[in-house]
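For the sequence shown, our numbering assigns the number 646 to the initial residue and increments by one for each residue that follows. First up is the structure itself, then whatever we jot down about it.
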Amino acid sequence: RPALEQFQKLYGYVQAEGRAPEEEGGEVWVSATDTPDKWREEITFWKNAGVTHICLNNTFSRYHHQRIPDKTVKAHVDAMVSYIGAVRDLI
Numbered sequence: 646r647p648a649l650e651q652f653q654k655l656y657g658y659v660q661a662e663g664r665a666p667e668e669e670g671g672e673v674w675v676s677a678t679d680t681p682d683k684w685r686e687e688i689t690f691w692k693n694a695g696v697t698h699i700c701l702n703n704t705f706s707r708y709h710h711q712r713i714p715d716k717t718v719k720a721h722v723d724a725m726v727s728y729i730g731a732v733r734d735l736i
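Encoded structure:
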């Protein structure tokens, strides 16, 4: 994944400054439009890459992320509740 290459580049800069990569936080955005198995796979990937912050965002459509179809507040809350229920043990 291209983003993983960017994180490795960042960690190289951090090490060049004499700090450990674990001292530098990294954030990624995820969306709740796929399946719970895919959500878990994505969280596991990012955690293994050293990411420290994961932001669930349901309202954007960029890269591989998609907006959830329904625009109601209830739909967004339901999506977030489903997502956290599926990945809680990984975060």
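Every residue, glycine too, gets a C-beta built ideally from N, C-alpha and C. Every value quoted in this text rests on a predicted model; they were computed, and no experiment measured them.
Roughly how many angstroms lie between the CA atoms of residue i and residue j, to the nearest whole one?
i: Tyr656; j: Ile699; result: 18 Å
i: Ala665; j: Asp715; result: 42 Å
Among the residues of its own chain, which have a CB less than 6 Å from the CB of residue i, if the five just before and after it don't count?
i: Trp674; result: Cys700, Asn702
i: Thr678; result: Gln711, Ile713
Once you ignore the five residues that flank residue i on each side, which residues in its own chain have a CB closer than 7 Å to its CB?
i: Val722; result: none
Going by beta carbon distance, what residues of the same chain come within less than 8 Å of residue i, once the five residues before and after it are set aside?
i: Trp684; result: Val675, Ala677, Tyr728, Ala731, Val732
i: Glu669; result: Leu655, Tyr656, Val659
i: Gly671; result: Phe652, Leu655, Ala694, Gly695, Val696, Thr697, His698
From this set, the options, which residue's C-alpha is nearest residue i's C-alpha?
i: Thr704; options: Gly695, Ala720, Asn693, Gln653; result: Ala720
Would you be able to state if there are at least three C-beta pairs under 8 Å between the segment 682-694 and the segment 728-735? Taking 8 Å as the limit for Cβ pairs, the verdict is that the segment 682-694 does touch the segment 728-735.
What are the start and end residues of each continuous alpha helix (DSSP H) run of 4 or more residues lying completely inside the segment 688-736, in chain order? Counting only runs of 4 or more, we get 718-732.
Kindly provide the ranges of any beta strand (DSSP E) runs that are 3 or more residues long and lie completely inside the segment 649-680, ordered along the chain. Here the runs fully enclosed are 672-675.
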